[in-house]
Ligand SMILES: [Zn+2]
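Numbering (the working numbering), first residue to last: 1480 to 1738.
So, in C-alpha cells, the structure goes:
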C-alpha cells in the first residue's frame, strides 16, 4: 500500500489557530482511505516519515518548513514525491510591525519550496472561482461559486500550471483587518486576476497548492466579521465549512490525491 503523510494543525503546538483542524483532519483521512497514512500536527518529525512516503498532504495554520526541511521536501519532490498543500500552508510566521499593533507575514524558504506566499485575506465572502482545463480539474465545472477566505497569494514560481483563479481588483478588507503587507503582489498584470490554485512541477514530482479550504467551529472561530454575502448581519457563522461542503472542492481534492 502506498504511504502518505498528513500534517494538520495550528500554532502554537496543539492550537487550532482559527480552524476546525479536527474536521479537516477527518475529511482528509476519509479522502486518504486508499493510502496507508501517518499523521502529525506540525513538521517537527517530518524527516522520520517523509522518506517512506509518496504523498505529503498539509493543512496547517502556523507551522512551516524550516530552511533545512524546505530543502528536504524539494529534494523529495525532485525524486518523485507529491505534495498536496492546502489553505494556510502558504502562511507561516507573522512579525509585529514596530510601533504598530499590526503584523506582517514573513517570507521563508518554506514559501520557495511551496511556490506561494500568503499576504492576507479579506473577511469570509462568496466569490467565483474560475477553473482551468487540466487532468487535475476533471469533473469540476469551468467556474463555481464558493464561500471561503479569498487568499491573496504571491506566486513565487512563474512556471506553475495555474488551475484556479478569481477576479478581484482591490482587497476589500476594512482598514486594519488581518495582516498588513507592503504591496499587493497577488494580483495579475490585468489588475484583477488572482491565483487560488496551481501545480508546480519539481523534477519528477510536484506540489499542488489550493488556497481554498477555510473551516471553523464555534469553539475555533476567530473571524471578527464576515461579508454580507456569507451572513446578512456580518457576524461570523458559528460553524463554517465553506468549500468543504461543496462537491467542487471535494472533487479537486480527490483528483489531487490521485494524480
Ligand atoms: Zn482559514
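Glycine included, each C-beta is placed from N, C-alpha and C at the ideal position.
Straight-line gap, residue i to residue j (C-alpha atoms, nearest Å)
i, j, result
"residue 1708", "residue 1630", "17 Å"
"residue 1633", "residue 1596", "5 Å"
"residue 1683", "residue 1738", "13 Å"
"residue 1723", "residue 1636", "27 Å"
"residue 1705", "residue 1602", "5 Å"
"residue 1540", "residue 1489", "5 Å"
"residue 1586", "residue 1598", "10 Å"
"residue 1534", "residue 1561", "5 Å"
"residue 1718", "residue 1493", "20 Å"
"residue 1736", "residue 1691", "16 Å"
"residue 1734", "residue 1681", "18 Å"
"residue 1609", "residue 1591", "25 Å"
"residue 1649", "residue 1531", "44 Å"
"residue 1571", "residue 1667", "23 Å"
"residue 1508", "residue 1483", "10 Å"
Same chain only: Cβ atoms within 6 Å of residue i, ignoring 5 sequence neighbours per side
i, result
"residue 1537", "1486, 1564 and 1568"
"residue 1521", "1488 and 1542"
"residue 1732", "1510"
Residue i beta carbon near ligand 1 (any heavy atom closer than 8 Å)
i, result
"residue 1497", "yes"
"residue 1540", "yes"
"residue 1726", "no"
"residue 1551", "no"
"residue 1566", "yes"
"residue 1628", "yes"
"residue 1488", "no"
"residue 1692", "yes"
"residue 1429", "The question about residue 1429 has no answer, for the chain in this structure spans 1480 to 1738."
"residue 1600", "yes"
Cβ-based neighbour list, residue i, same chain, cut-off 7 Å, excluding 5 preceding and 5 following
i, result
"residue 1730", "1618 and 1619"
"residue 1545", "none"
"residue 1726", "none"
Backbone secondary structure at residue i - three-state DSSP
i, result
"residue 1734", "helix"
"residue 1720", "coil"
"residue 1639", "coil"
"residue 1534", "strand"
"residue 1556", "helix"
"residue 1503", "helix"
Minimum Cβ-Cβ distance from residue i to chain B less than 9 Å
i, result
"residue 1611", "Of the protein chains in the structure, only one exists, and it is not chain B."
Quiz item: Is the region 1573-1585 touching the region 1693-1700, taking contact as three or more C-beta pairs under 8 Å?
Solution: no
Quiz prompt | Cβ contact (3+ pairs, closer than 8 Å) linking the region 1677-1694 and the region 1547-1558 | solution = yes
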